[in-house]
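Right, one structure below, let's go through it.
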Amino acid sequence: MGGTQSTESPRESSLSKLPNDCWMHVLDQLSLEDTLSVLLTCKSLGAIAKPFVYRKIDWKWTETPLRRALQLLRLIFKNQEIASYVHHVHLLSSSRKEPWSDIASDMDWKDGIKEYEDVVEQTIDLVQRAQFSDMCEWTSALRDGNFYAFVSILLSQLGNLKSLRLDYSFIWCGGYPGRMLKQALLSPNGVLSRFEHLRVVDYGGNVPMPEESGIHIEPKLGGFPASYNQDQFMAWFCLPTVQHLAIWLRDTKKLEDIEFNLDRLQTLVLSRVTVSGKDVRFILSKVRNLKNLHVGMAYQHPTQIALADGHFLVEGLLSVSHTLERLSLGVEYYPFNLGDREWDQEDDRLLKPFLNILKKFPKLRVAEIPVPILCGWDKDCAPDLNTLLPETLCELHLRDDLSGMFDYEWDEIDIIEYVRQFVGHCWFSTPMLKHITLRLWIETFSILWPDEEQELRLACQEIGIDLSFVVDDLSLGLWVLRDL
0 MGGTQSTESP RESSLSKLPN DCWMHVLDQL SLEDTLSVLL TCKSLGAIAK
50 PFVYRKIDWK WTETPLRRAL QLLRLIFKNQ EIASYVHHVH LLSSSRKEPW
100 SDIASDMDWK DGIKEYEDVV EQTIDLVQRA QFSDMCEWTS ALRDGNFYAF
150 VSILLSQLGN LKSLRLDYSF IWCGGYPGRM LKQALLSPNG VLSRFEHLRV
200 VDYGGNVPMP EESGIHIEPK LGGFPASYNQ DQFMAWFCLP TVQHLAIWLR
250 DTKKLEDIEF NLDRLQTLVL SRVTVSGKDV RFILSKVRNL KNLHVGMAYQ
300 HPTQIALADG HFLVEGLLSV SHTLERLSLG VEYYPFNLGD REWDQEDDRL
350 LKPFLNILKK FPKLRVAEIP VPILCGWDKD CAPDLNTLLP ETLCELHLRD
400 DLSGMFDYEW DEIDIIEYVR QFVGHCWFST PMLKHITLRL WIETFSILWP
450 DEEQELRLAC QEIGIDLSFV VDDLSLGLWV LRDL
């Protein structure tokens, strides 16, 4: 009897015999390029492999990838099932020398609006059906080809999203994702996703250093862009399943009026936030099971004094002290300055609430903290480091935040000598300590002490401690950067 001859090659035939669940496990580990190769190699696996092509949207750019966003929106509008395939969205800009300049698009919108007129109309229709409170502004942004608005509409259709990382520019260019999320969670009508599977969120956590005082070009800048939408922040604290939240928090408008939903939150990263210590205390009072915390406080120069609200910050930290295992703190001025401000003797009182603070965390394994906050401003009056650390500590990272101030006392050589005195008998106070890092600010660092660095490194090696020197912009805690 005649039959239909198989067009599969022997290689395809053998591959297709693998169980589907086995293939799904394999495909989940592959890069996009490798997944596409599987599709080309074995066409019979197309139905299994296709979802993995869209599983992770990972775009890094120097120009906003508007065309790619429009193309993906068009595909989703034609086939809503594609939206269900997307589990991870990472949209981050590449490093730029001028981080606060406007970002160009990858396409000319005068031509693009004709090519993607169908997408524009469908996104506007979606905004209208969702009954956005600021519908006119959204409509105008979409008709003008606003990349950030289109991406936010794209996100609103991703019902299976599990992780989301968005560039800091989303915050100062309209705040559209946060505003969309507010509409989706606080005024739901079934048109937008409720983000019930979203566990990992990074909203602007990659925010770079502020501009230097006196050299920024844009008059609207005061170190950070002064203009931002205030309604974009509150909804991130209402996500029902979030476990990791990183955010460049610039405002807490109406935060006290919402119902927080942070019972599952284990990691909170507040990156270069410009809110008050009292605001941070309020947020920390709403979490119950926090294990990892980074708080980077940014104070506006010259109108604010760093840590003037430090007692509120300490109260907030102590409210989560019983569960916290990893803690990093940062403090800076924006715009940053070199020698334009002094630490007055009267300011010493601002550090008193932080006295012995690390000893109050019974489960702390990793601590990263500015030297003045841990040890005091006056290096000659600094207490023995052994008396300041909990016995549970495995990693200690010392930062030189505020080293740009005129009378900053803790030069690198002073920190080296301070740590050298500590390592001679640190096993009594911190028997589990395995790593020490001296983290130095790139704007004030100079290569002056190679011999002393090596001596300290050898002293640490003798007692089984790894020593590192890191020179950077003192952004996120090192444990945060490792987790990215």
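So the sequence shown is residues 0 to 483, counted in numbering that gives the first Met the number 0. Even for Gly, the Cβ is constructed at its ideal location relative to N, Cα and C. Keep in mind that this is a model prediction, so the values were computed, not measured.
- If you look at Phe421, you'll find it in the alpha helix (DSSP H) that goes 411-422.
- In the structure shown, His243 falls within a strand segment according to DSSP collapsed to helix, strand and coil.
- Residues of the same chain with a CB within less than 6 Å of the CB of Leu180, apart from the 5 flanking positions on each side, are Ala234 in chain order.
- Between the beta-carbon of Thr443 and that of Gly476 there is about 20 Å, and that puts the pair past the 8 Å contact cut.
- Contact between the region 157-171 and the region 122-138 is not established, with fewer than three Cβ pairs separated by less than 8 Å.
- Residue pairing by DSSP places Ile56 opposite Val88 in a beta bridge.
- Take Arg419, set aside five residues on each side of it, and the residues of its chain with a beta-carbon closer than 7 Å to its own are Leu455, Ala458, in chain order.
- About 7 Å separates the Cβ atoms of Ala381 and Tyr417, confirming a contact at the 8 Å cut-off.
- Per DSSP, reduced to three states, the secondary structure at Ile304 is coil, with no helix or strand assignment.
- Look at the beta carbons and you see the region 244-259 touching the region 273-288: at least three pairs across the two are nearer than 8 Å.
- Of Gly173, Val118, His196, Ile246, the smallest CA-CA separation from Thr266 is found for Ile246.
- Of the residues Val422, Asp410, Asn205, Phe223, the one whose Cα lies closest to the Cα of Arg438 is Asp410.
- Straight-line measurement puts the Cα of Glu120 at about 15 Å from the Cα of Leu71.
- Judged by DSSP in its simplified three-state form, Asn205 adopts coil rather than helix or strand.
- The residues Leu244, Leu254, Ile257, Phe259, Asn260, Leu261, Ile282, Lys285, in chain order, have a CB closer than 8 Å to that of Phe236 in the same chain once the five nearest residues on each side in sequence are set aside.
- When DSSP states are grouped into helix, strand and coil, Ala381 belongs to the coil group.
- In this structure, Gly329 lies away from Asp308, with their beta-carbon atoms at least 9 Å apart.
- Under the three-state reduction of DSSP, Arg398 is assigned to strand.
- Within the region 136-176, complete beta strand (DSSP E) segments of at least 3 residues are found at 162-165, given in chain order.
- The residue from Thr386, Trp448, Asn288, Phe405 with its alpha-carbon nearest to that of Cys425 is Thr386.
- Rounded to whole angstroms, the separation of the alpha carbons of Tyr84 and Leu163 is 14 Å.
- For Phe335, there is no enclosing alpha helix (DSSP H), as DSSP marks it with neither H nor E.
- Rounded to the nearest angstrom, the gap between the Cα atoms of Thr429 and Ile462 is 12 Å.
- For Val200, the secondary structure class from DSSP, reduced to helix, strand or coil, is strand.
- Measuring C-alpha to C-alpha distances from Asp117 to each of Trp137, Ala103, Arg142 identifies Arg142 as the nearest.
- Where Val479 is concerned, there is no enclosing beta strand (DSSP E), although the alpha helix (DSSP H) around it starts and stops at 477-482.
- Assigned with DSSP and collapsed to three states, Glu211 falls in strand.
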